[in-house]
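Protein sequences appear in the order of chains G and A.
Every letter in the first sequence is one number past the one before it in numbering that gives the first Met the number 0, and letter 237, counting from 1, is 236.
Every letter in the second sequence is one number past the one before it in numbering that gives the first Met the number 0, and letter 111, counting from 1, is 110.
One structure is given below, encoded as structure tokens.
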Amino acid sequence: MFENLSEKLQRAFKTLRGQAVLTEENIGEALRELRLALLEADVNFKVVKELIDHIQAKAVGQQVATSLSPGEQVIKIVRDELVATLGTDTARVKFASQPPTVILMAGLQGSGKTTTSGKLANWLKNGGHRPLLVSVDVYRPAAREQLKVVAHAIKANIYEGSNVEANTATVERLAKEAKREAMISGSDVLIVDTAGRLHIDDQLMDEMQSLKKILNPSEILFVADAMTGQDAVRSADEFHKKLSLTGVVLTKMDGDARGGAALSIRQVTGQPIKFIGVGEKYDALEPFHPDRIVSRILGMGDILSLIERAEQNVDKKKAQEMASRALSGDGFSLEDFRDQLQQVKKMGSIKNIMGMLPSIGPFAGMQKHADKVDEKQIGRIEAIISSMTAHERHHHEVINGSRRKRIARGSGTSVQEVNNLLRQYAQMRKMFKDMGKASFGRKLAGMKFPGM
Amino acid sequence: MLRSLFGGTDTEKEPAKKPGFFERMKQAVTRTRENLSERIEEAVSFNKEIDRNTLEDLEATLIGADLGTTTTQEVLGKLREKADRKQIKDVEELKRLLKAELLAILNRANVPPVPAPEGMPEVILVVGVNGTGKTTSIGKLTQFLRSQGKSVTLCAADTFRAAAIEQLEIWGQRTGTEVIRTKAGGDPAAVLFDALQAATARHSDYVIVDTAGRLHNKAGLMAELEKMRRTAQRIVPGAPHETLLVVDATTGQNGLQQARQFTDSAGVTGIVLSKLDGTAKGGVVIAISRELGLPVRYVGVGEKADDLLRFVPEDFVDSLFD
Numbered sequence: 000m001f002e003n004l005s006e007k008l009q010r011a012f013k014t015l016r017g018q019a020v021l022t023e024e025n026i027g028e029a030l031r032e033l034r035l036a037l038l039e040a041d042v043n044f045k046v047v048k049e050l051i052d053h054i055q056a057k058a059v060g061q062q063v064a065t066s067l068s069p070g071e072q073v074i075k076i077v078r079d080e081l082v083a084t085l086g087t088d089t090a091r092v093k094f095a096s097q098p099p100t101v102i103l104m105a106g107l108q109g110s111g112k113t114t115t116s117g118k119l120a121n122w123l124k125n126g127g128h129r130p131l132l133v134s135v136d137v138y139r140p141a142a143r144e145q146l147k148v149v150a151h152a153i154k155a156n157i158y159e160g161s162n163v164e165a166n167t168a169t170v171e172r173l174a175k176e177a178k179r180e181a182m183i184s185g186s187d188v189l190i191v192d193t194a195g196r197l198h199i200d201d202q203l204m205d206e207m208q209s210l211k212k213i214l215n216p217s218e219i220l221f222v223a224d225a226m227t228g229q230d231a232v233r234s235a236d237e238f239h240k241k242l243s244l245t246g247v248v249l250t251k252m253d254g255d256a257r258g259g260a261a262l263s264i265r266q267v268t269g270q271p272i273k274f275i276g277v278g279e280k281y282d283a284l285e286p287f288h289p290d291r292i293v294s295r296i297l298g299m300g301d302i303l304s305l306i307e308r309a310e311q312n313v314d315k316k317k318a319q320e321m322a323s324r325a326l327s328g329d330g331f332s333l334e335d336f337r338d339q340l341q342q343v344k345k346m347g348s349i350k351n352i353m354g355m356l357p358s359i360g361p362f363a364g365m366q367k368h369a370d371k372v373d374e375k376q377i378g379r380i381e382a383i384i385s386s387m388t389a390h391e392r393h394h395h396e397v398i399n400g401s402r403r404k405r406i407a408r409g410s411g412t413s414v415q416e417v418n419n420l421l422r423q424y425a426q427m428r429k430m431f432k433d434m435g436k437a438s439f440g441r442k443l444a445g446m447k448f449p450g451m
Numbered sequence: 000m001l002r003s004l005f006g007g008t009d010t011e012k013e014p015a016k017k018p019g020f021f022e023r024m025k026q027a028v029t030r031t032r033e034n035l036s037e038r039i040e041e042a043v044s045f046n047k048e049i050d051r052n053t054l055e056d057l058e059a060t061l062i063g064a065d066l067g068t069t070t071t072q073e074v075l076g077k078l079r080e081k082a083d084r085k086q087i088k089d090v091e092e093l094k095r096l097l098k099a100e101l102l103a104i105l106n107r108a109n110v111p112p113v114p115a116p117e118g119m120p121e122v123i124l125v126v127g128v129n130g131t132g133k134t135t136s137i138g139k140l141t142q143f144l145r146s147q148g149k150s151v152t153l154c155a156a157d158t159f160r161a162a163a164i165e166q167l168e169i170w171g172q173r174t175g176t177e178v179i180r181t182k183a184g185g186d187p188a189a190v191l192f193d194a195l196q197a198a199t200a201r202h203s204d205y206v207i208v209d210t211a212g213r214l215h216n217k218a219g220l221m222a223e224l225e226k227m228r229r230t231a232q233r234i235v236p237g238a239p240h241e242t243l244l245v246v247d248a249t250t251g252q253n254g255l256q257q258a259r260q261f262t263d264s265a266g267v268t269g270i271v272l273s274k275l276d277g278t279a280k281g282g283v284v285i286a287i288s289r290e291l292g293l294p295v296r297y298v299g300v301g302e303k304a305d306d307l308l309r310f311v312p313e314d315f316v317d318s319l320f321d
């Protein structure tokens, strides 16, 4: 149903097998597909043109590496180019030498400034800071009330102040009072939530400049919706021209937008994307990873680098032998199990591998668990299997209580861990056996899925 | 300018309030237009026919307005055929035909909502992703209906977002409209039930239901909308009679996905295109109309109570090329 860019590029290159050099002609089709993919992902069309020109200049004349198909090679060039565009800056908040550090939030209406202010305060709090929140949005009904509720929810301090009239004078007064309050209360960071405004609204943009003068912020963060379309370049450019932004927060990344606006905004402002918002809870703020969003923009997860690594590191022949043995019945021994673990280990840490899965589609949410993975666990399993005799590895059923004790001692683990491993192994074995049976496939095919 | 475009009522008042804004917008777009026209003029005078560069410029205009590649290619494909067959003689005709293609898409979708049964309130459910301007649009729509002498009951069913209820209540005060509410974190279907009963008892002409913003890929939250629809039907037959999806004009191609999912779960019958007073063109609504046949009912052009205008397809299409 949904053909991703990677497949399209492969198809575009089908006719080219055996050609040794990338030329303007033989990558033309692929670049047209790339152009469409980037436009569908909402990258601004002028930015797309620049990128394509760059990529073409880089690709043409390159020797096709033996290990990659021409399609894969172009994808690699594209990815490298996009990652380079987004930059490698990590999320780091610039702190003032003299506290309080002021962070000024800016952006269009509805981009998520208030929620992000709360998330940022929460993030700083968890990092041992004492943030103070203030809302100077005197215009939108209940905007200041909203930040109050947010602050209460995350148990952060807020300067409420009084709100007499909805005008710039009130805004300036609130800003001054909040800064004084931050100093008196010993808060080291002041987060200033502002009213959403259009980049072409001179009066409100002037107000923003005045706030900048009063507060002398260390950070001016542009909060932008990940769903923004072609106009992202224009609003980001205007905000940057008037305020000299120091960073970007891309919100609503838990939706299914491709997020091409990230490329547009980075291109016109040159400022790093520092955080992404990934949910409505107050801890749903994450540091930004350029490589991950590039894969998302291209619609292919980071599966590609996963495959690349697998191909580099996994012995294909060995894997195939093992697979056919395992599926045929009882052939999957503890020794095969250990081999497999070693192959996986060669690909890098489990954490990294999980992080490379696409953040949308069937893998949604899996990256979140990456942090919980215990890398040492694999080492312990290896040690347990290595402490078995060859006979035990091929005939697990002989491993009785006293053998378990011996294995646990030999591997420096506990009997409980040995038991766990044997249980897991038995499960896997059964699964493989089921998969090998022809009927299993039929059973799957015959299953009724809801809604089908 | 936008006001006159969309048939607003108080054209005189606007320029005085925000001096320079419309002027500047006009200047900016005139520049693009001149570039485009010049190039088209050039192409035509040289070849006496439409050349490929002209179509490429038009493509940039449509893509730049967020129509998306599929809609753009389809529309331009039709033009290209005609140009190849030399049926288009000059640039004016080319532009006229392009506008006609876009208008055809918007007009095809222009179906009026089903009226409520006699003596029952018309229920309008307002949905959308976070931050598109649902509550503000409701405030303005209430003002619009009140100015036509209709009675309205507001239902604060966004019980999730901080201070959303308070925000709607302020709009209630501004427009002299009663807001039926529950406490923060309450059941949205329950407050909808209360609001519909109150409105039926009071013979309100309209009930407008504010819902929490939700991303369309969250199945649980989308199911909540289905539940609200079922609740509404139990009290008022055929309710909701209109389900408006609020789409932010700055939204790109994800708008199409939003429309698909919300139509699936909430049975969207019309679009409110908000924040059209910025520089974004909101062209994704053409892609939405093309695929889902959904009409655009209103456009939002500011934060004041009377900044909601009825959608006029001709003016909207013209604004894409301004």
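Even glycine gets a Cβ: it sits at the ideal position worked out from N, Cα and C.
Taking C-beta separations shorter than 6 angstroms and ignoring five residues to either side along the sequence, the partners of Glu334 (chain G) in its chain run Arg392, following chain order. Val135 (chain G) is classed as buried because its beta carbon has at least 16 other beta carbons within 10 Å across all chains shown.
Around Ala141 (chain G), the beta-carbon contacts reaching into chain A at under 7 angstroms are Ala162, Glu165, Gln166, Ile169. Under the Cβ criterion of 7 angstroms, Asn106 (chain A) is not counted among the residues facing chain G. The beta carbons of Asn253 (chain A) and Met226 (chain G) sit closer together than 7 angstroms. Per DSSP, Ser134 (chain G) lies in no alpha helix (DSSP H); the unbroken beta strand (DSSP E) holding it starts and ends at 130-134.
Taking 9 angstroms as the upper bound on Cβ-Cβ separation, chain G lies near residues Val128, Asn129, Gly130, Thr131, Gly132, Thr134 of the segment 114-134 of chain A. Only buried fits Thr115 (chain G), as 16 or more other CB atoms lie within 10 angstroms of its CB.
In summary, the residues of the segment 274-287 of chain A whose CB is separated from some CB of chain G by less than 7 angstroms are Lys274, Asp276, Gly277, Thr278, Ala279, Val283, in the order they occur in the chain.
Counting only runs of 4 or more residues that sit fully inside the segment 66-114 of chain A, the alpha helix (DSSP H) segments are 68-83, 90-107, in chain order. Restricting attention to beta strand (DSSP E) runs no shorter than 3 residues, the segment 154-235 of chain A encloses them at 177-179, 205-210, ordered along the chain. What Asn216 (chain A) touches in chain G, judged by beta-carbon distance under 7 angstroms, is Gly254, Asp255, going in chain order. Comparing alpha-carbon positions, the option among G:Asn162, G:Asp282, G:Lys211 lying closest to Leu123 (chain G) turns out to be G:Asp282. Proximity to Gly60 (chain G) across G:Glu23, G:Ala95, G:Ile51, G:Leu85 peaks at G:Glu23, based on C-alpha coordinates. In the structure shown, Asp224 (chain G) falls within a strand segment according to DSSP collapsed to helix, strand and coil.
With respect to the 7 angstroms criterion, Asp56 (chain A) and Gln229 (chain G) are not classified as neighbours on the basis of their beta carbons. In terms of Cα proximity to Leu284 (chain G), the closest of G:His394, G:Glu71, G:Gly117 is G:Gly117. Listed by position along chain G, the residues whose Cβ is nearer than 8 angstroms to that of Thr174 (chain A) form an empty set, because the closest Cβ is around 12 angstroms away.
Every beta strand (DSSP E) stretch that sits fully inside the segment 84-162 of chain G and reaches 3 residues is listed by chain position as 100-105, 130-134.
If you compare the alpha carbons of A:Val126, A:Ile137, A:Gln260, A:Val283 with that of Glu302 (chain A), the shortest gap goes to A:Ile137. Under DSSP, the beta-bridge partners assigned to Phe274 (chain G) are G:Val248, G:Pro286. Contact check for Ala279 (chain A) against Thr249 (chain A) passes: the beta carbons are separated by less than 7 angstroms. Annotated as proximal: Val417 (chain G) and Ala407 (chain G), with beta-carbon spacing under 7 angstroms. Counting along the chain, Glu117 (chain A) sits inside no alpha helix (DSSP H), nor does DSSP assign it H or E at all.
With respect to the C-alpha of Ile380 (chain G), the residue from G:Phe336, G:Glu396, G:Lys45, G:Pro98 having the closest C-alpha is G:Phe336. In the DSSP assignment, Glu241 (chain A) is bridged to A:Ile123. The three-state reading of DSSP puts Asp314 (chain A) in helix, counting H, G and I together. With its beta carbon at least 7 angstroms from every one in chain G, Gln232 (chain A) lies outside the interface. Contact note: Arg233 (chain G) reaches chain A through Thr278, using a C-beta cutoff of 7 angstroms and chain order.
Contacts with chain A (Cβ-Cβ distance below 7 angstroms) from the segment 213-233 of chain G involve Asp224, Met226, Thr227, Gly228, Gln229, Asp230, Arg233, listed in chain order. In this structure, Thr135 (chain A) lies away from Val151 (chain A), with their beta-carbon atoms at least 7 angstroms apart. Under the three-state reduction of DSSP output, Tyr424 (chain G) falls in the helix class. Pairing Ala83 (chain G) with Ile54 (chain G), the inter-Cα distance amounts to about 12 angstroms. For Gly400 (chain G), the uninterrupted alpha helix (DSSP H) segment begins and ends at 400-410.
It is roughly 17 angstroms from the alpha-carbon of Ser385 (chain G) to the alpha-carbon of Gln423 (chain G).
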